[in-house]
Structure formats: C-alpha cells, structure tokens
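Just add 344 to the spot in the sequence shown (first one is 1) and you have our numbering. Written out below as structure tokens is the structure these notes cover.
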Amino acid sequence: MTHWSTRSLALVARQRGIAPTISHSTVALILHDADLQPHRTRYWKTPTLDDTFRHKAAQVLWCYEQAQQLAQRDEVVLCVDEKPNIQVLHGEQPARPMRPGLIERREFEYVRRGTVNLLAKLVVHSGRMRSWDLERNNGDCLRGVLPQLLGDHRDARRIHLIWDNAPSHTARQTLDFLRTHYPRVRVIFTPAHASWLNQAELLLRAFAERYLQRGDWASCDELIEHLDASWPEYNRFYAHPFTWSWTRAKMHLWVDRHLS
345 MTHWSTRSLA LVARQRGIAP TISHSTVALI LHDADLQPHR TRYWKTPTLD
395 DTFRHKAAQV LWCYEQAQQL AQRDEVVLCV DEKPNIQVLH GEQPARPMRP
445 GLIERREFEY VRRGTVNLLA KLVVHSGRMR SWDLERNNGD CLRGVLPQLL
495 GDHRDARRIH LIWDNAPSHT ARQTLDFLRT HYPRVRVIFT PAHASWLNQA
545 ELLLRAFAER YLQRGDWASC DELIEHLDAS WPEYNRFYAH PFTWSWTRAK
595 MHLWVDRHLS
C-alpha cells in the first residue's frame, strides 16, 4: 500500500498476528495517543543549508526588511514569478447558479482549450501587481516583456529584482540583456530549492484564489482577456504589502538549529 488508513492498518495487524482482534477504532485511539497521522502528507522542498544558502537568503530578506526605506530613497524591490500552463477549461454545460437551499452546481465534464502562461510582478513596498501573458515560458518571451516590466520604474534610482532559478531567469542572454540595457537593476536569485522566499509566490496564490478558481473559459484568448482585466481590479481591492516576519536573524537561527 502507498496510503494507509485506520482500517487498512487494522487489517494488516490482524493478518500478521500483531493484534489478532484489533479494530480500526482501536487503531485510531493508538494513533491519537502517539500523535501520528498516517493519512496525512505534505510536500516540502529541501534547500542545501550552507554558506551559499545563508548569503542568498540574506540578500532576499534584507530587501524585504528595507523595502519601505528603499522606496523613500527612490529604490524599488520587485518580485517576479511565473504560473505556467494554466489550463483553459470549458464546461460542456453552463454552471447552474445558486438559489435558496442549493449551492452552485457545475458540470463535471469539461473540455481543455489549451494553456496560458502567466508572468506576475509584485512591487513589494506597495503590494501592487502587474501581469503579462507569455506565449511560451522561455527566455525569449521573458525578455520580450522585461522592457514593460521594468519600464514602470524608469524613475527609480535602483531596482532590486528578486526571482527564482528558472532557466529563463538564469540564462546568459537574460543576464546580458539586463546588464546592457538596465544597469540599475540588481538581480537577486533565491537559494536553490527555496523559491518560497519569493513573495511573488504569495501573490500568485492570492490572485489565483480570487480570479482563477471556478473559472470557465471557451478559449485561451478569453482567459487572457480575463487576466488583463483582473490584475487592475486586484490592485484596487486587495493590494497591500505582505506581512513577512522571517528576518535575517531568524533565518540564521533556523539554519544553525538544523545544522546542529
């Protein structure tokens, strides 16, 4: 078995003679007393906790700690991330709206109409966003929108650009493009396997919850039109700086504890 329940644990315990008459309710009591939950799991990423991690994480966390002060000095902290391959799903029957005593009902069957790649930018000190549709999630398409992405901040003395280690971000052509055309940009990569340090991931999660869940679109163009109208509304109603309490000091303590 790859997934255990109290009933399957009781069954195997009886078959192996561990407890010939045990019931699943008794197994549940044993697990409760032992504070074990075999029916639950979660994914996690394992960064390599070394000096490289400390250095890169400290660069990112310094930007978050100083974002407001930097903005007062005409410097801006940006977080950028992609949500690739958003499926364009179209129900074969229209949803039946809610009415007294009944929740909304949606047809189980749907048709896939393609995928859309979303690129999102978060302005850390304000929490405001902007998004773009990428024809493909690659370096060429990314570099095609960088002039717009950075052009919003043409008056900034310095731009601190935080993103993860995706191939389109680390590509030599992308870094050369930024050095040549945008020397005021300071590129900061999150540590390997620590993209959760990028606040743009929080933004995409908040945005998707409000503007992608329960969506129904007949074509990629329809979804793109929806996204283009959604990010300005997000800014009007929901944009605010994310509360980020994990400081450089806490990061160093966390690393020390795991290395000890």
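Every residue gets a Cβ at the ideal spot worked out from N, C-alpha and C, and that includes glycine.
Ignore the nearest five residues each way along the sequence and tell me which others in residue i's own chain have a CB closer than 6 Å to its CB.
i, result
"T350", "H368, V371, A372"
"S563", "R457"
"V489", "W476"
"T514", "none"
"R523", "none"
"R592", "A402, L405"
Does any residue of chain B have a CB that is nearer than 8 Å to the CB of residue i?
i, result
"E419", "Going by chain labels, chain B is absent from the structure shown, which holds only one protein chain."
Quick one: give me the first and last residue of the beta strand (DSSP E) that residue i is part of.
i, result
"L393", "Looking at the DSSP string, L393 is not in any beta strand (DSSP E), and its letter there is neither H nor E."
"W507", "502-507"
Between which two residues does the alpha helix (DSSP H) harbouring residue i extend?
i, result
"F533", "That residue, F533, is in no alpha helix (DSSP H); its beta strand (DSSP E) goes 529-533."
"D520", "516-525"
"A357", "350-359"
"N579", "564-581"
"A378", "368-378"
"P491", "483-495"
"A593", "592-603"
"Q543", "543-555"
Run the CB neighbour count on residue i, radius 10 Å, all protein chains shown included, and call it buried at 16 or more, exposed below.
i, result
"Q416", "exposed"
"K427", "buried"
"Y578", "buried"
"A544", "buried"
"S512", "buried"
"A573", "exposed"
"H497", "buried"
"F581", "exposed"
"M473", "buried"
"V404", "buried"
"L597", "exposed"
"L611", "Residue numbering for the chain in the displayed model covers 345 to 604; residue 611 lies beyond these limits and cannot be assessed."
With a threshold of 8 Å on Cβ separation, who are the neighbours of residue i within its own chain once the five nearest residues in sequence on each side are excluded?
i, result
"C407", "L414, V421, V468, H504, I506, I532"
"L519", "V531"
"L603", "L393"
"H366", "Looking at the sequence shown, residue 366 is not His but Ile. Taken in chain order, the residues that qualify are A354, A357, R358."
My guess is that residue i and residue j are in contact by the Cβ rule of under 8 Å, so how many angstroms apart are they, rounded?
i, j, result
"D425", "I568", "Not confirmed; about 18 Å, so no contact."
"L548", "A464", "6 Å"
"P535", "K400", "4 Å"
"R502", "E409", "Contact flag wrong, Cβ pair sits at about 16 Å."
"N429", "T459", "5 Å"
"D560", "L446", "With a Cβ gap of about 19 Å, D560 and L446 do not count as contacting."
"A550", "S470", "Rounded, the Cβ-Cβ distance is 14 Å, inconsistent with contact."
"N542", "D508", "6 Å"
"L375", "P364", "Contact doesn't hold; Cβ gap of about 19 Å is too wide."
"P391", "H537", "4 Å"
Less than 7 Å between the CB of residue i and some heavy atom of the ligand ATP, yes or no?
i, result
"R450", "What this structure holds is no ligand at all, so the ligand ATP is not there to describe."
Apart from the five residues on each side of it in sequence, which residues of its chain come closer than 7 Å, Cβ to Cβ, to residue i?
i, result
"L546", "F586"
"D377", "none"
"L571", "L462, S475, D477"
"R450", "G435, A439"
"V529", "L494, I503, L505, L522"
Return the chain-ordered ranges of every beta strand (DSSP E) run that is complete within the region 411-476 and spans a minimum of 3 residues.
As for any beta strand (DSSP E) of minimum length 3 sitting wholly inside the region 411-476, the runs are 419-435, 454-467, ordered along the chain.
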